[in-house]
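Engineer: Handing you this structure, nothing more for now.
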Amino acid sequence: MHSAMTWDPQQYLRHTSHRTRPFLDLLEQIPELPAGGPGGPSKAPRIADLGCGPGNVTVLLADRWPTAHITGFDSSPEMLAKATELAGPTPGGGHLDFQPADAAHWVPDEPFDLIVSNAALQWVPDHAESFPAWIDALRPGGTLAFQVPGNFTSPSHALLGELCESPQWRSRLGDHGRRFVHILDPADYLIRLTDLGCEADAWETTYSQLLQGEDPVLDWVKGTALRPVLTELADDPDAAADFLAEYRDLLRKAYPPGPHGTVFPFRRIFALATKPD
Ligand SMILES: C[S@@+](CC[C@H](N)C(=O)[O-])C[C@H]1O[C@@H](n2cnc3c(N)ncnc32)[C@H](O)[C@@H]1O
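The sequence shown begins at 1 in full-length UniProt numbering and counts up by one.
In structure tokens, the structure reads:
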């Protein structure tokens, strides 16, 4: 049995601007909410951020909907501890709070104007099975909007999978080789959400991210895809160091530094569904 996966908010926050950009691109596509929009009722919008992490993108929701009551949900105590530093009244008269929740079993117990999730549902194997419950919880005119990484066949993840499944590591790390296969293509998300009676949109973008410093791709994945491996090897620092050295060498070949830094292409999938009025 595996120990619960631990997150490291400081490591995750090392690449904030690249990690935030897709969220801002998603935010731009979200239509006005049933509550609080121009000409709409003056009620404060109610917003959920599922898999909110350290809360740094959750706070951005308050810029767009200043009076909203926003709740970030996450299953990681480490992430929630960091996020909670941001909790409290927002400058526009709204409120921000954070609660523990497992997105795999999260069924909203109140109506929401917006349910948003950024870079989190890839950790929730059957997330598409929850769409009916989440759409059900939206107010008429409300929106479900999410973004998931779609880079699981890219060298960074393929090499990680191959290494985990190699003879040396298979017995300890074999389970971590093929995570994230449950991510759907944009067209599949589009169909599932349209099937639920929503006006849906789905698309993908590959960001050509220019990273700086030594072994920047390794540094990136240490904050995300490597978490299960680092958790598994946490009580064996020598093994963790050996694994990281092997993986680093593979990444150096796959992502050689160029004259301006290291290009790390990153495909992301976006989906948005608005419930009819
Ligand atoms: C890559 S971080 C994204 C954080 C934040 N949304 C952002 O965009 O910066 C993924 C987050 O999903 C959370 N997560 C993973 N599985 C989860 C689950 N089953 N329920 C709730 N949160 C989960 C992790 O704890 C982590 O904080």
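Note that beta-carbon positions come from the ideal geometry of N, C-alpha and C, so glycine has one too.
(1) For P265, count the other beta carbons within 10 Å of its own beta carbon; 16 or more makes it buried, fewer makes it exposed. Which is it?
(2) How is G258 classed by DSSP in three states: helix, strand or coil?
(3) Can we count N118 as close to ligand 1, meaning its CB is less than 7 angstroms from some heavy atom?
(4) Check whether the segment 110-127 and the segment 147-167 are in contact - that is, three or more C-beta pairs closer than 8 angstroms.
(5) Got a sec? Which residues, its chain only, sit under 7 angstroms from T16 by beta carbon, not counting five neighbours each side?
(6) Could you give the residue range of the beta strand (DSSP E) that holds R139?
(7) Given a threshold of 16 other Cβ atoms within 10 Å of its Cβ, counted over all protein chains shown, does H2 qualify as buried or as exposed?
(8) Output the distance between the C-alpha atoms of A133 and G197, rounded to the nearest integer angstrom.
(9) Enumerate, from N- to C-terminal direction, the unbroken alpha helix (DSSP H) stretches of 4 or more residues contained entirely within the segment 43-109.
(10) Excluding the 5 residues flanking A62 on each side, which residues of the same chain have their C-beta closer than 8 angstroms to its C-beta?
(11) From the DSSP secondary-structure annotation, give me the bridge partner or partners of F270.
(12) If you reduce the DSSP assignment to three classes, tell me which class P265 lands in.
(13) Does Q122 come out as helix, strand or coil in the three-state DSSP assignment?
(14) Using 10 angstroms around the beta-carbon of L138, count the other beta-carbons present and answer buried if the total reaches 16, otherwise exposed.
(15) Answer with buried or exposed for R268, where buried requires no fewer than 16 other C-beta atoms within 10 angstroms of its C-beta.
(16) Which whole-angstrom value is the C-beta distance of K275 and P108, which I expect to be below 8 angstroms?
(17) Any heavy atom of ligand 1 inside 7 angstroms of the beta-carbon of G261?
(18) Return the residue from the list L144, G88, R170, Q11 that minimises the CA-CA distance to L27.
(19) Quick check on Q209: buried or exposed, where buried means 16 or more other Cβ atoms within 10 Å of its Cβ?
(20) Where does T206 land, buried or exposed, given buried means 16+ other C-beta within 10 angstroms?
(21) Can you give me the C-alpha to C-alpha distance between Q168 and K253, rounded to a whole angstrom?
(22) Let me check you understand the geometry: is the CB of T224 closer than 7 angstroms to at least one non-hydrogen atom of ligand 1?
(23) Closer than 7 angstroms by C-beta to P54: which residues in its own chain qualify, once you throw out the five before and the five after it? Chain order, please.
(24) Straight-line CA distance for G261 to L86?
Structural biologist: In this structure, then:
(1) exposed
(2) strand
(3) yes
(4) yes
(5) N56
(6) 138-149
(7) Note on H2: pLDDT 46, under 50, position unreliable in the model; no value is reported.
(8) 13 angstroms
(9) 58-64, 77-84
(10) A68, I70, T90, P91, G92, G94, L96
(11) Q147, W203
(12) strand
(13) helix
(14) buried
(15) buried
(16) So it is not a contact: roughly 13 angstroms between Cβ atoms.
(17) no
(18) L144
(19) buried
(20) exposed
(21) 21 angstroms
(22) yes
(23) P9, Y12, L13, M79, K82, A83
(24) 33 angstroms
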